[in-house]
Amino acid sequence: MSKRVLITGAAGFLGSHLSDRFIAEGFRVVGMDNLLTGDIKNIEHLFPLKEFEFYNHDVSKFVHVPGDLDYILHFASPASPIDYLQMPIQTLKVGSLGTHNLLGLARVKKARVLIASTSEVYGDPLIHPQTEDYWGNVNPIGPRGVYDEAKRFQEAITMAYHTYHGLETRMVRIFNTYGPRMRVNDGRVLPAFFSQAIRGEGITVFGDGSQTRAFCYVDDLVEGIYRLLMSDYAMPVNIGNPDEITIGDFAQEVIDMVGNPDAKVVYKPLPTDDPKVRQPNIDLAKKLLGWEPKIDRAEGMARTYEYFKTVVPIDTRA
Ligand code: UDP
């Protein structure tokens, strides 16, 4: 009998790509999502498959899954700054209560759990690039605190289940990731810039655009997560693409790619606690998993643009 994996947040950007990957690897996939920020369209192609099941459920409430489970991947959470500003309580609950429920489920099922942590645990970082042994610089009561602290609690409780109960746990710290199926109106920089450039609107650069990010194409991220799950390493591992760029230069890349003469940069205020720099140090992932990103930004952005071309005209504005 093939292995069975529960993926929470399965209708989301990362959850849906992970569902595809595990199906392709011959797993049976149980997808779970309450569709708060996920979209059923991301997984509707899986519904005809007998290897795929779907539960519409909020994992912040008790989670029941009949039958065996070999692996649990916890990817349910609002994941863009706009989303967690608008849904602060749900964000806190899914990272804390939701994680607790899934760790409890993993104990009962004797399953291995991988939790989706984030570069946000490093906050507005004082060391650069960020290594896994950096403890971070997070404002607990700022607008990002609901996400950052939920994810920090998530790491803490996952570690406690590992050390106290001997549960098999894995933690991935995910840096900025992009690709097809990102929600057009989620407010994150890449969907914002692509939809603005396609519609010929102002490209909203926050602050002076000197803040940096490093963007990883989703297929590379999924490969790193798959390898981490299959490894025997219980401590957090950064997965991301170290190719760092300023947001101002990134805006120009999108403008050049889309080529709409109406799309020009407009500057907006920098949101509170917006990290000034972010770039993963991936030495650990390289050594441990033999992993590094393969798809550069030119290639990844070209693929992502193909997707946004098909969805932007039909999506309603945020
Ligand atoms: N950003 C921007 N314009 C936008 C959306 C985001 O300049 O319309 C900036 C934002 O201030 C941040 C970076 O792009 O510095 C990445 O923002 P995002 O919301 O994608 O996620 P973050 O990396 O901050 O979690």
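Residue numbers (the numbering used here): 1203 to 1520.
Built from N, CA and C at the ideal position, the CB exists for glycine as well.
DSSP three-state call for residue i: helix, strand or coil?
i, result
"G1325", "strand"
"F1276", "The sequence shown places His at residue 1276, rather than the Phe named in the question. Note: H1276 maps to strand in three-state DSSP."
"N1303", "helix"
"S1319", "strand"
"K1470", "strand"
"Y1452", "The amino acid occupying residue 1452 in the given sequence is Phe; Tyr does not appear at that position. In this structure, F1452 counts as helix in the three-state DSSP scheme."
"V1207", "strand"
"F1224", "helix"
"Y1404", "As written in the sequence, residue 1404 is Gly, which differs from the Tyr given in the question. Three-state DSSP puts G1404 in coil, outside helix and strand."
"R1385", "coil"
"T1293", "helix"
"T1258", "Here the sequence assigns Asn to residue 1258, which means Thr is not the residue at that position. Three-state DSSP puts N1258 in a strand."
"E1253", "coil"
"V1439", "strand"
Mind checking which residues open and close the beta strand (DSSP E) that includes residue i?
i, result
"T1414", "T1414 to A1416"
"L1271", "No beta strand (DSSP E) holds L1271; DSSP gives it neither H nor E."
"T1371", "T1371 to I1376"
Could you compute how far the alpha carbon of residue i sits from the alpha carbon of residue j?
i, j, result
"L1287", "G1389", "11 Å"
"A1520", "G1492", "Here A1520 scores only 48 on pLDDT, less than 50, and its place in the model should not be relied on; the value that follows carries that caveat. Taking the straight line from one Cα to the other gives about 40 Å."
"A1399", "Y1363", "46 Å"
"S1279", "Y1428", "19 Å"
"P1250", "D1335", "44 Å"
"G1338", "D1222", "33 Å"
"P1477", "V1323", "11 Å"
"Q1292", "Q1356", "14 Å"
"Y1273", "R1206", "7 Å"
"S1262", "V1296", "5 Å"
"I1225", "T1210", "15 Å"
If you measure between the beta carbons of residue i and residue j, is that distance less than 9 Å?
i, j, result
"G1411", "V1374", "no"
"I1441", "F1395", "no"
"V1315", "L1299", "no"
"K1353", "S1397", "no"
"L1271", "A1213", "no"
"A1453", "V1407", "yes"
"T1379", "F1215", "yes"
"E1253", "V1267", "no"
"N1143", "G1217", "Outside the displayed range of the chain (1203 to 1520) lies residue 1143, so it cannot be described from this structure."
"D1485", "T1333", "yes"
Let's see if you can read the secondary structure: which residues bound the alpha helix (DSSP H) around residue i?
i, result
"T1512", "R1499 to V1513"
"P1393", "V1391 to R1401"
"G1347", "G1347 to H1367"
"D1422", "V1420 to M1432"
"P1283", "P1283 to Q1288"
"D1475", "D1475 -> no alpha helix (DSSP H), and no H or E assigned at all."
"D1235", "First-last for D1235: R1230 to D1235, but that is the beta strand (DSSP E), not the alpha helix (DSSP H)."
"A1313", "It is not in any alpha helix (DSSP H) - A1313 carries neither H nor E in the DSSP assignment."
So does residue i have its beta carbon nearer than 8 Å to some heavy atom of the ligand ATP?
i, result
"F1395", "The ligand content of the structure shown is limited to the ligand UDP, which means the ligand ATP is not among them."
Problem set entry | the segment 1460-1467 touching the segment 1249-1260, judged by at least three CB pairs closer than 8 Å | No contact exists between the segment 1460-1467 and the segment 1249-1260.
Exercise. Any contact of the segment 1418-1426 with the segment 1485-1503, i.e. 3+ C-beta pairs under 8 Å?
Worked result: yes
Exercise. Per the contact definition of three or more C-beta pairs closer than 8 Å, is the segment 1433-1447 in contact with the segment 1503-1513?
Worked result: Segment contact: the segment 1503-1513 against the segment 1433-1447, fewer than three CB-CB distances shorter than 8 Å; contact not assigned.
Exercise. Are at least three pairs of beta-carbons, each pair with one atom in the segment 1444-1455 and one in the segment 1399-1417, less than 8 Å apart?
Worked result: yes
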